[in-house]
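Peer 1:
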Amino acid sequence: NAGVMQNPRHLVRRRGQEARLRCSPMKGHSHVYWYRQLPEEGLKFMVYLQKENIIDESGMPKERFSAEFPKEGPSILRIQQVVRGDSAAYFCASSPMGSQGTEAFFGQGTRLTVV
Amino acid sequence: GQQLNQSPQSMFIQEGEDVSMNCTSSSIFNTWLWYKQEPGEGPVLLIALYKAGELTSNGRLTAQFGITRKDSFLNISASIPSDVGIYFCAGQARSNDYKLSFGAGTTVTVRA
């Protein structure tokens, strides 16, 4: 039973490029959460999605960041025109329908480096 | 999100020692969680606490949900080398709130 799968594990982008981070939730999970972790800090909530719906994006920067969770396929976190300050580890978590966030399982993360 | 203050920031411990770390908040939480993160990995849930005053164990780990609902502690007994890692507290402000607020973490290094 595979856990939450994130890819790529490491991503290097030059300033101004786009970064696309993918997350496949655990089998049977329909809720996806994205968190960002800056070096030596805790995780910060970004966005909560269910299939084809953004439920809460209150933690997402207003510009350049977007997220989707289509009916088929993984959830995507997209960062346009990356800047050095976007360098961080981005974690996805998933939970089953009807659950609370405490029942979420985290993936291994994508470490984004902007050069 | 809510601000969680976690202490200590880091600790060096001798193998076999007991370890304690805590987390405080200026506001009430309905759920307290403790996670461990190893280098290059995502956080793994260790213990979840759902009621004020609750004391829960998971092997050598024990955590308590403070009576005021504004704090929690985690104890590790008889440390071993594989306890190395970063321990995070996290809280949920409301029972139906999916968002987790995380502390900044306690880095534990074990001296063999």
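Here the protein sequences line up with chains A and B, keeping their order.
For what it's worth, the working numbering labels the leading residue of the first sequence as 140, then goes sequentially.
For what it's worth, the working numbering labels the leading residue of the second sequence as 54, then goes sequentially.
For every residue, glycine included, the Cβ atom is placed at its ideal position computed from N, Cα and C.
Alpha carbon to alpha carbon, how far is B/Ile100 from B/Asn75? Give it in angstroms, no decimals.
Peer 2: Distance between the alpha carbons of B/Asn75 and B/Ile100: 14 Å.
Peer 1: For the candidate residues A/Phe244, A/Pro164 and A/Val186, whose alpha-carbon lies nearest to that of A/Lys210?
Peer 2: Ranking A/Phe244, A/Pro164 and A/Val186 by Cα distance to A/Lys210 puts A/Pro164 first.
Peer 1: Mind listing which residues of the segment 149-163 of chain A have their C-beta closer than 8 Å to chain B's C-betas, in chain order?
Peer 2: none
Peer 1: Looking at chain A, is there any beta carbon in it that lies within less than 7 Å of the beta carbon of B/Thr84?
Peer 2: B/Thr84 counts as touching chain A.
Peer 1: Helix, strand or coil for B/Ser125? Go by DSSP, reduced to three states.
Peer 2: Three-state result, B/Ser125: strand.
Peer 1: Measure the alpha-carbon distance for A/Leu246 versus B/Ser132 and round it to whole angstroms.
Peer 2: Checking the sequence, you will find Gly at residue 246 of chain A rather than Leu. Taking the CA atoms as reference points, A/Gly246 sits about 26 Å from B/Ser132.
Peer 1: Would you say B/Pro96 lies against chain A (beta-carbon separation less than 7 Å)?
Peer 2: yes
Peer 1: I'd like to know whether the C-beta of B/Trp155 is nearer than 7 Å to at least one C-beta of chain A.
Peer 2: Here residue 155 of chain B turns out to be Phe, not Trp, going by the sequence shown. Proximity of B/Phe155 to chain A, defined by a Cβ-Cβ separation below 7 Å, is satisfied.
Peer 1: Scan the segment 109-163 of chain B and note each continuous beta strand (DSSP E) run of 3 residues or more that stays entirely inside, going in chain order.
Peer 2: Counting whole runs of 3 or more residues, the segment 109-163 of chain B contains the beta strand (DSSP E) stretches 114-118, 124-129 and 138-145.
Peer 1: Tell me, which residues are paired with B/Lys89 by DSSP?
Peer 2: Answer is B/Val97 and B/Tyr140, bridged to B/Lys89.
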